[in-house]
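Below is one structure, written out as C-alpha cells; comments come after it.
Protein chains: 2
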Amino acid sequence: MPPFDPGGPDSGAMKVLALAGGVGGAKLAAGLEAALPGGDLTVVVNTADDFDLWGLRICPDLDTVMYTLAGLANPETGWGLAGETFDSLEMLGRYGEDTWFWLGDRDLATHLLRTSRLRSGESLTSITRDLGRRLGVRSEILPMSDDPVATVLDTPAGPLEFQEYFVRRGQRDEVRGVEFRGVDEARPTRAVLDGIREADAIVLCPSNPVVSLGPILAVPGVGDALAASSVPKVAVSPIVGGRALKGPADRMLSSTGHESSATGVARFYAGLIDALIMDAADAGEESEIEGLDVRPYLTDAVMHDEPDRARLAREVLDVAEGLSVRPE
Amino acid sequence: MPPFDPGGPDSGAMKVLALAGGVGGAKLAAGLEAALPGGDLTVVVNTADDFDLWGLRICPDLDTVMYTLAGLANPETGWGLAGETFDSLEMLGRYGEDTWFWLGDRDLATHLLRTSRLRSGESLTSITRDLGRRLGVRSEILPMSDDPVATVLDTPAGPLEFQEYFVRRGQRDEVRGVEFRGVDEARPTRAVLDGIREADAIVLCPSNPVVSLGPILAVPGVGDALAASSVPKVAVSPIVGGRALKGPADRMLSSTGHESSATGVARFYAGLIDALIMDAADAGEESEIEGLDVRPYLTDAVMHDEPDRARLAREVLDVAEGLSVRPE
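Quick look at the structure:
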C-alpha cells in the first residue's frame, strides 16, 4: 500500500461519506475526521435501532457517533458518555419501572432535547446537525432517514425489536431473519443524497452488515444512489478471524445465511464496494474476495486506541485514493 | 386548647382533607399524616404552578407534597429530593440550553413517567395517585384539577408565568395582580369533590394564600363545595410576625391589596374558615380576627423539624375536633 499523504492537495480537499452503525463505525469515523484535516466528513448513521422509552426518542447509533466525534464517549464501552451517572434510572427503578436500558443522566439530556424538538415538528436531520454543532462536532452526522424504521428480528423467542434483543436479552437469541419495518416507506433525505453525490470516496465502516449498514442500504433511493456513485467505495471488515470485534455480527451473519468471515462481508457488499480492508488474521481469503470483484487489503483492522483509528482511517483513505487515481 | 388525644375513637377515624401548595403545605401534610394514625388524609394540591420544560410536564407542588410524604424530600430546601444530583441539567447546559430551573436527575424520573403517561391519555389524578403509591405514600394526593391552569403574574416587567417569576427571576418583581389562566374552564375532579364530601375536617395549610391556595379555591365547583361543607375548616397562617415563613407570600399579599399579617390571612379566607391557627408572635390581632367570624388560636406555628410538624398538626386536629364537638 503506498503511503498516505494527508497534506496533499487531493487528500486535503477530499470529501468522504461514511456509513456507520454504533461503536465500530463511530471509531472509524473519528479516525477519518482526524485523518482529513483539510477535507470533510459526512457520516450517515443507522436509525433502525431507534426506539421509544418513557416517551423519549432514543437513537443509540446517532448518539454513539455524536459522542465519539465530540470526544465525550465512554472509552471503556465505546457507547454512552464518559463519567456517566445513572441517578434518573435508579429513581425509575424505585418507581418500579423495568430499568433494562442503560439510560444515563447526561445521555438523558440528549434524548430530552431531541424528543421535544421532534414533537415540535423539526426533522431528525435538522436536530442531529444542531446537537452535533452544539457539542463541537466538526463532521456532519446525518440520520439515514427522517422517517422511522424499526429493525425487528425473527428469533425462536418470537419477533424482537432490536434493543430488546441487543440490550434487554443480551443478544442471546438466535436471529433467523431480519425485517426493517417501515423501510419501504422511508424517504431518503436531501442531505444524505447530497452527501452521496458530493463525496469523493464512500467508506463502509466496520459495523454489523446485517443490522447496522443493512438498514441504510435498504432505504429506498439511498442504496441506489450509493451504487450509482462512481467514486471509490471501501469497506472495512467488522469480522476478524471469523469473529465480530464487538457485538453479534458473526452469529447474525451465520444464522441469516451469510458467512462469518471477511469473505462473507465481501459477499454481503459485493456489487457495491470496490475494496475491502480486512485484518491480516484473515490472510488466505484474498483470492476468493477478488473473485467477487472486490480488492482485498490486509492490515491490522482492530482499533484499540486513537492512534489505531487514525492509522486505519489513513489506510482507508489511501486505498480510496489509489482506486480513484488508478481506476481499473 | 384541650389536649388532643390521637388514640381516641373520633380522631382515629377522622378523615381530613388538606389544601396545600408547596413546602409549607407539604410539611403540615406530613404532620397530619403522622397525627392521624388510624384516620386518613387527602391532600388537594395546587397545580397552577405547573409548566412545561424540554417537553416535560413539571408539577412542582404535587412533587413537593409527594416527596415529603414519601420521606424523600431534601430536608435543606423542602423541595426536591434528598441527595439529588444535577448531571442531566449540566449536560443540558453543555448543549447551550438555559438551565434556570433546578431539574434534578432523580426528579427527572418523576417528570418522565408523568409526562409519558399524560401523553398516553391518563389523567393527572390517576398518575399522581399511582406515583404516590409506588413511592409508598399512604395519604391520597390529588391535583386540584386535571385541566391545566397557569398562574400569570402582572408585574412591572410584564406578565410572568409563575416559575418564571419564582425561580428564574428570584421573586424580585412586584406582583400587582394575579391571573389563573384557564381556571374558568378547569373542571373539578370526582376525586376532589368526593374528598370534600367525605371529610370530617378541612385544613388550609400554611401555603401562599394568593398563588397556592387561591387557585384551588378558584376551580369552579371546588370553592363552592368547600364553602358548602359543614365540617370544621381550619387554616394555619403562613404569615408570622408580618413575614412569610418562606417565599413571597408577604409581599404578594401586600402588593395585591391584602395585608401581610395573620389578620390579612383571616380576611383572605373569611367566610370560608372557622378558625385560624396563628403564631404567638401575632398576639394582639385576635379581636380583629374574631370580628371576621374566625376563631384565632395562638401557638408556635413555625415547623422547624418533624416533631414541630406533628405537634402543629395535632393542634390543628384538636381545634377541628373542638369545633365539631361544640358548634357555635
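Here the protein sequences line up with chains A and B, keeping their order. In my numbering, each number is its position in the first sequence, counted from 1, plus 135. In my numbering, each number is its position in the second sequence, counted from 1, plus 135. Where a beta carbon is used, it is the ideal one built from N, C-alpha and C, also for glycine. Since we're looking at a predicted model, the values are computed, not measured.
- In this chain, aspartate 222 (chain A) is not harboured by any beta strand (DSSP E); it is covered by the alpha helix (DSSP H) spanning 222-229.
- At a Cβ-Cβ threshold of 9 Å, aspartate 282 (chain A) and valine 313 (chain A) do not count as neighbours.
- For the pair of segments examined, the stretch 321-332 of chain B was found not to touch the stretch 374-392 of chain B: the number of CB pairs separated by less than 8 Å stays below three.
- Look at tryptophan 237 (chain A): its C-beta is not under 9 Å from any C-beta on chain B.
- Taking a contact as a CB-CB distance under 8 Å, the pair leucine 352 (chain B) and leucine 361 (chain B) counts as one, their CB atoms being some 7 Å apart.
- Within the stretch 247-273 of chain A, those residues whose Cβ lies closer than 8 Å to any Cβ of chain B are, in chain order, Leu247, Leu248, Thr250, Ser251, Arg254, Leu266, Arg269, Leu270.
- In the three-state DSSP reduction, aspartate 175 (chain B) falls in the strand class (E or B).
- With respect to glycine 160 (chain A), valine 200 (chain A) sits close: the two C-beta atoms are nearer than 9 Å.
- Beta-bridge pairing by DSSP links leucine 188 (chain B) to B:Leu191.
- Sequence-distant Cβ neighbours of alanine 164 (chain A) in its own chain, meaning closer than 8 Å and more than five residues away, are Ala153, Ala155, Leu176, Val178, Val200, Thr203, Leu204, Ser274, Cys340.
- DSSP, reduced to helix, strand and coil, places leucine 407 (chain A) outside both helices and strands of the structure shown, so it counts as coil.
- Here the stretch 408-419 of chain A makes contact with the stretch 361-376 of chain A; the two share three or more CB pairs at distances below 8 Å.
- DSSP places lysine 368 (chain B) within a strand segment (E or B) once states are collapsed to three.
- Taking CB atoms only, arginine 241 (chain B) has a neighbour in chain A less than 9 Å away.
- Alanine 208 (chain B) is outside the set of residues whose beta carbon lies under 9 Å from a beta carbon in chain A.
- The C-beta of glycine 174 (chain A) comes no closer than 9 Å to any C-beta of chain B.
- In this structure glycine 399 (chain A) is buried. Its beta-carbon is surrounded by 16 or more other beta-carbon atoms within 10 angstroms.
- By the neighbour-count criterion, in which 16 or more other beta carbons inside 10 Å mark a residue as buried, alanine 244 (chain B) falls on the buried side.
- A distance of 9 Å or more separates the beta carbons of valine 346 (chain B) and aspartate 185 (chain B).
- In the assembly as shown, proline 278 (chain B) is a buried residue. Its beta-carbon has 16 or more other beta-carbons within 10 Å.
- Glutamate 320 (chain B) sits exposed, since fewer than 16 C-beta atoms from the chains shown fall within 10 Å of its C-beta.
- At least one CB atom of chain B sits nearer than 9 Å to the CB of glutamate 219 (chain A).
- Around the beta carbon of tryptophan 189 (chain A), a 10 Å sphere encloses 16 or more other beta carbons of the protein chains shown; the residue is thus reported as buried.
- Beta-bridge partners assigned by DSSP to phenylalanine 315 (chain A): A:Thr286.
- Per the coordinates, the alpha-carbon of leucine 167 (chain A) lies some 53 Å from the alpha-carbon of valine 287 (chain B).
- The alpha carbon of glutamate 421 (chain A) has as its nearest neighbour, out of A:Leu407, A:Arg229, A:Asp440, A:Ala401, the alpha carbon of A:Ala401.
- With a 10 Å radius around the Cβ and a threshold of 16 neighbouring Cβ atoms, arginine 444 (chain B) comes out buried.
- Under the DSSP assignment, lysine 162 (chain B) falls in the alpha helix (DSSP H) whose first and last residues are 158-170.
- The residues Ser395, Ser396, in chain order, have a CB closer than 6 Å to that of glycine 377 (chain B) in the same chain once the five nearest residues on each side in sequence are set aside.
- For alanine 362 (chain B), the enclosing alpha helix (DSSP H) stretches over residues 357-363.
- According to the DSSP assignment, glycine 349 (chain A) belongs to the alpha helix (DSSP H) that extends over 349-353.
- For methionine 226 (chain B), the C-beta contacts it makes with chain A under 7 Å involve Arg241, Ala244, in order along the chain.
- For glutamate 211 (chain B), no CB of chain A lies under 9 Å from its own CB, so it is not counted at the interface with that chain.
- Secondary-structure assignment with DSSP links tyrosine 432 (chain A) through a beta bridge to A:Ile412.
- Between the beta-carbon of tryptophan 235 (chain A) and that of valine 302 (chain A) there is about 6 Å, and that keeps the pair under the 8 Å contact cut.
- Serine 255 (chain B) sits exposed, since fewer than 16 C-beta atoms from the chains shown fall within 10 Å of its C-beta.
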